[in-house]
Structures are given as structure tokens and as C-alpha cells.
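Chemist: Chains Y and L, in that order, give the protein sequences.
Residue 3 is where the first sequence starts when you use my numbering, and the numbers rise one by one after that.
Residue 36 is where the second sequence starts when you use my numbering, and the numbers rise one by one after that.
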Amino acid sequence: MLDAGCWILDDGYWMLECRDEYGGESKMNESKKSETVSVTRREFCRKAVKRTTLAAAAAAAGVAAYKKPEIKSFFGAGDAYAATTGAGKFSLKGDSN
Amino acid sequence: MDGNKTVTANFSLATGKAASFKVTVTGIEMFNGSTWVSLFSGAAQLDIVTGGVFPGVTGLALGQGTYTKIRVTFKNSFPATGTLSYGGTAYYTTAATFGGQTNLASTPTTVSGSMAAYTFRMAGWGALNANVVREFDITPITVSDKTDYQPTLRFTISNRFRLMGVSGSPGTYYFEHAGPNVSIVE
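#1: Considering only their Cβ atoms, is the gap separating Phe-155/L from Phe-113/L smaller than 7 angstroms?
#2: When the Cα of Trp-160/L is compared with those of Leu-139/L, Tyr-153/L, Ser-149/L and Pro-143/L, which residue comes out closest?
#3: Fully enclosed by the region 84–123 of chain L, which beta strand (DSSP E) runs are 3 residues long or longer?
#4: Please report the straight-line C-alpha distance between Gly-206/L and Ser-149/L, rounded to a whole angstrom.
#5: Please confirm if Gln-185/L has its CB atom under 7 angstroms from at least one CB of chain Y.
#6: Is there a C-beta anywhere in chain Y that falls below 7 angstroms from the one on Ile-173/L?
#7: Please report the distance separating the alpha-carbon of Phe-210/L from that of Asp-183/L.
#8: How about Thr-191/L and Asn-166/L: do their beta carbons lie closer than 7 angstroms?
#9: When you compare only the Cα positions, how much space is there between Ala-158/L and Lys-181/L?
#10: Leu-188/L: which of Ser-47/L, Asn-39/L, Gly-51/L and Val-60/L sits nearest, CA to CA?
#11: What residues of chain Y sit near Phe-190/L, judged by a beta carbon separation below 7 angstroms?
#12: Of the choices Arg-106/L, Ile-176/L and Val-220/L, whose alpha-carbon is the least far from that of Gly-62/L?
#13: Can you tell me whether Gly-77/L is helix, strand or coil according to DSSP?
#14: Taking buried to mean at least 16 other C-beta atoms within 10 Å of its own C-beta, is Val-168/L buried or exposed?
#15: Looking at C-alpha atoms only, which residue of Glu-170/L, Ser-120/L, Gln-80/L and Thr-108/L is the closest neighbour of Ala-49/L?
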């Protein structure tokens, strides 16, 4: 495994993501689900959207339009976040003279 | 003349560099041409005499864009140890304040085993633990997923560590630390 992180979505779900050295595939454990699935992150997001849409419709049909879950927080190694977002990396060194 | 008056002056008896000097960074931001992007907020302490990477400030995500400035915030609180010699005697820092000059003057000891860190603040940088903000221009950097930007926060502290007092009167001796120069090295 190269890195891992925990995402919290604004619909109350969370997911864990682990990347292995073979790249491409991410393995995720989702909250409120007992099974472990192996899907890409994009596929996971689509499933999360579908599930939440159904839940919202059942609970309050016609009351509010579904809002796509967004990432509220991220916990984990900075490397994991950077690898997921395509961003670069930053470190601060210190010394004296 | 009405009479003689005695003026007591403290002189720098010895100067050098502290043996350890800890810096606590509390914030890092970078400017992308329109806004300041926060990269770190918290407290990361490093002994800059030893040097290295600030704990927890490594591998942080740096969003795509072109950055031209960096802003670093650190505490005006610098735990430091050190020793200087004068008149053939070595003096060491202790945690005790000298002459009521809280966080400005350390009472020395001649017992090496009693050396302890004294938390200095820089008089010109405000109160103890005040946030000190320094902004630096950097060579513009365009960030991609291949970027691994690792600048160095450098404190120039050579000859800022001083043993002060009246020569020949050890009871007047104390350590002080003058304000360092702070820079970013890319």
C-alpha cells in the first residue's frame, strides 16, 4: 500500500481509500455498509449519489432536490490527498546559519 | 561637578550561536496570484540548529497554479540552550530568568550538567507567543502533480547569542538573544 486517507462527505457518509503500488484501482470501505467493495473512486461516487438520492426521495419526496455529496474533510497522509487530487506536494524545511 | 556618579553598563562579554534553538511554525500560506492559499495551520516545532523538516509539514497538498510568494507565521517563543565562555569559564543557560527580564534574559550557570532550555522571545517581535508573520517573494513555481516543493525556512542566529554583564562581576552575567534574520531558501 502506498497511502491511505479518509474522506467525509456532506451527506454524512465517509469512505476510506487505500492505494496500492499497482495504481489505478482503489479499495474503499464505506460507512453504513458491512461489505468491502473494490471499485474506482468515480464508480464509488456514482454509487454514493444513487444511494443518497434514493434515501432522500424515500424520506422526503419532493421536499428538496438532491445535493451532490462533496468532500467536507480529509484525514490522512498528505501524500494520499495529493495523489488523489493531482496536486503537487509541499514540505517545509528549517535550518540555521 | 556636584560629585561623582557611578554608571553601570552591561557589555557583551561573549557572542556565539545557541546549541539549540527551537522554532514553532503555526501557519504557511502561498500566493497564487489572486489569493493566499493556506497549506498548514497548527503548531510544528523544529530545532533549527539541528535542522530538518518541520514535523507534520511534509507531503502537504499544493494545488495546481503558479505561486509567487510564501507567508510563514511562527511564534515569538524560542526555547534555546547554549554555552559561552568568558575569562576562562564556561557559562550555560538555565531556565531561570535574570533580573526580572522575563523571556529576555537567562541566568547562567557554570555547572554544565545544569544546562537547561530558556524560552526567549524577541523584544522587537511583540509579546511571548505572539504570531510573527514573514512574507517572502519566491521564484515563481507552477505546480503540477509532479511538483515536490521543499523550501527552507532559515534563521540566521550566529553571533546573536550573547553573554552580557559587567566584566569581573559574575553576579551580573546573563544570556540574551538578539533577533534573528529570517529568510526562505529555495
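A virtual CB, placed ideally from N, CA and C, is assigned to each residue, including glycine.
Quick caveat: nothing in here was measured; it's all calculated off a predicted structure.
Modeler: On the basis of the supplied data:
#1: yes
#2: Leu-139/L
#3: 95–97, 100–110, 113–116 and 118–121
#4: 17 angstroms
#5: yes
#6: For Ile-173/L, the answer is no, since every Cβ of chain Y falls outside 7 angstroms of its Cβ.
#7: 40 angstroms
#8: no
#9: 42 angstroms
#10: Val-60/L
#11: Ser-98
#12: Arg-106/L
#13: strand
#14: With fewer than 16 Cβ atoms within 10 Å of its Cβ, Val-168/L is classed as exposed.
#15: Ser-120/L
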